[in-house]
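Structure record follows, encoded as structure tokens.
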Amino acid sequence: MNIKFKKLNKTIIKCKKCPRLTKFIKKISFEKRKQNIDEKYWGKPVTGFGDKNAKLMIVGLAPAAHGGTRTGRAFTGDKSGDFLFKSLYSMNISNQNFSKSINDNLKLNSTYITNILKCVPPDDKPTNNELSTCSNYFVKELENFRDLKVIVTLGKVAFDNCFKIYKNRFKIERKFKFKHGKKYLLPDGRNLIACYHPSPRNVNTKVITSIMINKLFRKAKKIARI
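The numbering used here numbers the first residue of the sequence shown as 4 and each following residue consecutively.
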């Protein structure tokens, strides 16, 4: 299993199939933000991370410009990740309540975190062609898990694209509507759960709260039998 992931992740990191995204990543890594001006940015596609025998997968749309693209790990070094990991720690899914860098000794309990798109797109808006090209990596990640039971998607766009991938693979005819906490049974026996994205805007406007996301992950853990 680990060999499969190592091979896949090596391919992802070297990927330059989408020229627009490759160019944008280089631009971000060169220009940087003031608070990160002295840091060396990862500046490459960002792979998933966590337990390679996971029963739970947490999926975002794409790495953050100055989060995952800077640190080299999804939901690491940005405010969305700060909120997410406080919840994961309180639910005993992670061994610490923060995710700052790839060397911070973070460990996930039977959980894997990834993005459908491995590169940050300009204005957080990928093209259909970019999504289609990169979704092949996400499909391979799904195929590498034998015991995966639950997929939690963070945000409507991640939910819609995850469903689209399953729809194309299994010819699903019914529609899956995004609703926080709603669970759908997928054709391969896995469960898809929709979750509001833990973005600063959603957190500040209380679209999502600690109570809400903790309740959702408690439900996900129960279904996944973690």
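Just so you know, even glycine gets a beta-carbon here, dropped at the ideal spot from N, CA and C.
Using a Cβ-Cβ cut-off of 8 Å (strictly less than) and excluding sequence neighbours within five positions of T25, which residues of its own chain qualify? For the purposes of this step, residue 25 is identified with residue 22 of the sequence shown, where counting begins at 1. Once the five neighbours on either side are set aside, the close Cβ partners of T25 are K19 and C122.
Alpha carbons only, please: which of S104, K209 and E133 is nearest the one belonging to Y44? As a working note, residue 44 is residue 41 in the sequence shown. Considering only alpha carbons, the answer is S104.
What's the call for E176, buried or exposed, on a 16-neighbour Cβ count within 10 Å? For the purposes of this step, residue 176 is taken as residue 173 along the sequence shown, with counting starting at 1. Classification of E176: exposed, given that the 10 Å Cβ count is below 16.
Would you give the residue range spanned by the alpha helix (DSSP H) that K225 belongs to? The residue given as residue 225 occupies position 222 in the sequence shown. S213 to A227 is the extent of the alpha helix (DSSP H) around K225.
Three or more C-beta pairs closer than 8 Å, one from the stretch 37–53 and one from the stretch 110–124: is that the case here? yes
The alpha helix (DSSP H) enclosing N112, as first and last residue numbers: Position 109 of the sequence shown, counting from 1, holds the residue named residue 112. Looking at the DSSP string, N112 is not in any alpha helix (DSSP H), and its letter there is neither H nor E.
Beta strand (DSSP E) containing I196: first to last residue? Translated into the one-based positions of the sequence shown, residue 196 becomes position 193. Looking at the DSSP string, the run of the beta strand (DSSP E) that includes I196 is N194 to C198.
Hey, Y115 and A77: beta-carbon distance below 7 Å or not? In the sequence shown, the residue the question calls residue 115 occupies position 112. In the sequence shown, the residue the question calls residue 77 occupies position 74. No.
The beta strand (DSSP E) that contains K186, what's its start and end? What you label residue 186 is simply residue 183 of the sequence shown in a count that begins at 1. Note, K186: beta strand (DSSP E), K186 to L188.
Straight-line CA distance for K185 to M60? On the sequence shown, residue 185 is found 182 positions in, with the first residue counted as 1. On the sequence shown, residue 60 is found 57 positions in, with the first residue counted as 1. So the two alpha carbons sit approximately 16 Å from each other.
I need the straight-line Cα distance from L189 to D41, nearest angstrom please. Looking up residue 189 in the sequence shown gives position 186. Looking up residue 41 in the sequence shown gives position 38. Spanning the two alpha carbons is a distance of roughly 45 Å.
Please report the distance separating the alpha-carbon of A67 from that of D126. Position 64 of the sequence shown, counting from 1, holds the residue named residue 67. Position 123 of the sequence shown, counting from 1, holds the residue named residue 126. Those two C-alpha atoms are separated by around 10 Å.
Leaving out the 5 sequence neighbours to the left and right, which residues in its chain are closer than 8 Å to T136 when beta-carbon positions are compared? Locating residue 136 in the sequence shown gives position 133, where the first residue counts as 1. Cβ within range, chain order: K20 and C21.
Would you mind working out which of K225, A227 and K209 sits nearest F86, comparing C-alpha positions? Indexing the sequence shown from 1 puts residue 86 at position 83. Minimum Cα distance to F86 is reached at K209.
Own chain residues within Cβ distance below 6 Å of I15, not counting five before or after: Counted from its first residue, the sequence shown places residue 15 at position 12. Taken in chain order, the residues that qualify are P48, T50, K121 and Y140.
Applying the 10 Å Cβ sphere with the 16-neighbour rule, what's the burial state of T130? On the sequence shown, position 127 is the one that residue 130 refers to. Classification of T130: exposed, given that the 10 Å Cβ count is below 16.
On the three-pair Cβ rule with 8 Å, is the stretch 188–206 touching the stretch 145–155? yes
Since M60 sits in a beta bridge, which residues does DSSP pair it with? Counting from one through the sequence shown, the residue named residue 60 turns up at place 57. Answer is Y115 and I154, bridged to M60.
Taking the beta carbon of F88 as the centre, do at least 16 other beta carbons fall within 10 Å, making it buried, or is it exposed? Here the question's residue 88 lines up with position 85 in the sequence shown. Label assigned to F88: buried.
Exposed or buried, I6, counting other C-beta atoms within 10 Å across all chains shown (16 or more means buried)? Taking the sequence shown and counting its residues from 1, the one referred to as residue 6 is at position 3. Result: exposed.
List the DSSP bridge partners of G53. Translated into the one-based positions of the sequence shown, residue 53 becomes position 50. Answer is Y115, bridged to G53.
Please report the distance separating the alpha-carbon of F162 from that of L219. In the sequence shown, residue 162 corresponds to position 159, counting from 1. In the sequence shown, residue 219 corresponds to position 216, counting from 1. Taking the straight line joining both Cα atoms gives about 15 Å.
Along the chain, where does the alpha helix (DSSP H) containing N95 start, and where does it finish? The count along the sequence shown starts at 1 and reaches residue 95 at position 92. First-last for N95: undefined, no H or E at that position.
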